[in-house]
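Residue numbers (the working numbering): 36 to 309.
Below is one structure, written out as structure tokens, with a few remarks after it.
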Amino acid sequence: MRILVTGSEGFLGKVLCRQLLDDAHEVIGYDIANGNDILDVSQLRTAMTDCDVCIHLAAIADLYIAEHQPELARNLNINATKSLLGIAEELDIRVLFASTVCAYGNNGVAVCVEESPLAPTEVYAESKAEAEQLFHGKLSNHAILRLATFYGPNMRSSLATSIFIEALKNDEQIHIHGNGLQTRCYTHVEDIASGIITVMNSQQNGIYNISSDEEMNVIDLIELIAVLMNKTANMVHVEDRFGQIKKSKISSKKLQKLGWKPKYNLKSGLKTCI
Ligand SMILES: NC(=O)c1ccc[n+]([C@@H]2O[C@H](COP(=O)([O-])OP(=O)(O)OC[C@H]3O[C@@H](n4cnc5c(N)ncnc54)[C@H](O)[C@@H]3O)[C@@H](O)[C@H]2O)c1
């Protein structure tokens with residue numbers, strides 16, 4: 036297949052493009068880092084022409100940048116997605132859209148499935164939840180992928196897992212926002228990429244969570260990393276982050292029914308990036 040990947044130079048984009056190439060697909064990378072702007076509708080249309088699928092990853096993916104530059108985040112995460120979807124409908128291209136499990140926010144649901152209500156708590160998650168609405172009524176042709184918090188080698192330095200590893204490496208104090216009991220289902224980037232490809236190959240559309248089922252709180256995560264690095268963690272609690280999601284347990288049963296299984300658990304996955 037001929038596949039356009041937006042955000043191809045990002046953390047996930049690079050891993051996904053490599054897996055797609057390994058599967059012998061023709062991959063067209065589209066990233067501002069290479070001068071390809073998703074806000075440039077005519078450039079985007081030219082790149083999308085003759086593609087079978089568009090995997091749309093390009094976004095403001097950093098919560099802090101989104102919080103401080105909400106206009107930019109909304110423009111990229113919502114408006115550019117709207118133009119991309121419009122071109123895709125016109126050219127009959129299937130879109131797989133990278134959303135986030137952050138969109139479930141603090142919805143009070145013990146284990147989030149695809150039908151669980153969305154309750155975003157900050158600008159980034161709000162922008163993704165709003166972009167999802169663009170697909171309503173069109174989900175027989177396209178898929179929304181709600182990705183869990185991911186980690187892996189070469190991750191962005193602003194991601195919590197990277198911050199913890201660096202602090203432990205340098206014997207620095209680790210700042211924990213709030214009580215540290217907030218949970219996430221940390222998922223290896225290779226498993227996120229293989230989940231996206233599983234949905235793509237299945238020809239199934241609709242909404243899919245892509246997440247490990249290993250829920251862990253921040254303190255336990257830091258302690259696990261410290262053990263793996265043979266270090267002692269020096270943790271200090273600081274003020275909680277605005278919009279903190281208290282608990283995030285995600286079900287990927289729907290995706291597993293398509294044959295996806297994560298390759299890594301948290302312990303083996305963390306070893307790949309320490
Ligand atoms: N990192 C996570 O834990 C996580 C979790 C859930 C969902 N997601 C989503 O997955 C996707 C990929 O995340 P990531 O961590 O790889 O992010 P990233 O920031 O590493 O990659 C995003 C890429 O988009 C590109 N980009 C930005 N503006 C652009 C523009 N105007 N035109 C073209 N390209 C542009 C950037 O150059 C970058 O390479 C995003 O949509 C993100 O919201 C990420």
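Quick reminder that beta carbons are idealized off the backbone N, C-alpha and C, glycines included.
Source: prediction; values computed, not measured.
Those residues which DSSP pairs with residue i across a bridge
| i | result |
| --- | --- |
| N244 | R181 |
| E61 | R37 |
| R276 | The partner list for R276 (beta bridge, DSSP) is empty, contrary to what the question assumes. |
| C137 | The partner list for C137 (beta bridge, DSSP) is empty, contrary to what the question assumes. |
| C308 | Note: C308 sits in no beta bridge, so no partner. |
| M270 | I209 |
| V88 | I38, R129 |
| I73 | BP columns for I73 are empty, so no partner. |
| C147 | I285 |
Neighbourhood of residue i by C-beta, 7 Å cutoff - its chain only, sequence neighbours within 5 removed
| i | result |
| --- | --- |
| I227 | L47, L182, F185, I245 |
| N112 | A94, I95, S162, K163, A166 |
| G240 | It should be noted that the sequence gives Asn, not Gly, for residue 240. Around N240: L174, S175, N176, H177, A178. |
| G42 | G48, D66, L92, A93, A94 |
| S197 | M190, R191 |
| L98 | E157, Y159 |
Top-ranked residue by Cα proximity to residue i, from the options
| i | options | result |
| --- | --- | --- |
| R109 | A160, N69, L256 | A160 |
| N141 | W295, K281, K288, S286 | K281 |
| E124 | Y99, L51, D85 | D85 |
| G215 | A101, K49, M251 | M251 |
| W295 | V234, D206, V88 | V234 |
| H91 | E44, S193, C137, Q104 | E44 |
| S77 | I209, A115, E225 | A115 |
| D248 | H223, G121, H210, Q238 | H223 |
| S287 | Q279, Q104, P297 | P297 |
| E106 | L290, V158, M264, L194 | V158 |
| I73 | S303, I260, L120 | L120 |
| C307 | I200, Q238, N205, I100 | The question names Cys, but residue 307 is Thr in the sequence shown. Selected option, being the one with the closest Cα: I200. |
| E61 | A101, I100, G304, L39 | L39 |
| T218 | G187, L256, N236 | L256 |
| P155 | S229, I254, Q279 | Q279 |
| E207 | V50, N71, A261, F277 | A261 |
Cut-off 6 Å between Cβ atoms - residues of its own chain near residue i, not counting five sequence neighbours on either side
| i | result |
| --- | --- |
| F170 | H177, I179 |
| D275 | H212, G213 |
| H272 | I211 |
| G304 | H223 |
| S118 | V76 |
| K292 | none |
Contacting residues, own chain, Cβ-Cβ under 8 Å from residue i (five flanking each side not counted)
| i | result |
| --- | --- |
| V136 | C147, R181, L182, A183, T184, C220, N244, S246, S283, I285 |
Counting pairs of Cβ atoms below 8 Å between the segment 268-277 and the segment 138-148, do you hit three or more? no
With three or more C-beta pairs closer than 8 Å as the rule, is the segment 63-70 touching the segment 130-139? no
Residue ranges of each beta strand (DSSP E) run of no fewer than 3 residues wholly in the segment 91-129, ordered along the chain? none
Entirely enclosed beta strand (DSSP E) segments - the segment 182-261, minimum 3 residues: 209-212, 241-245
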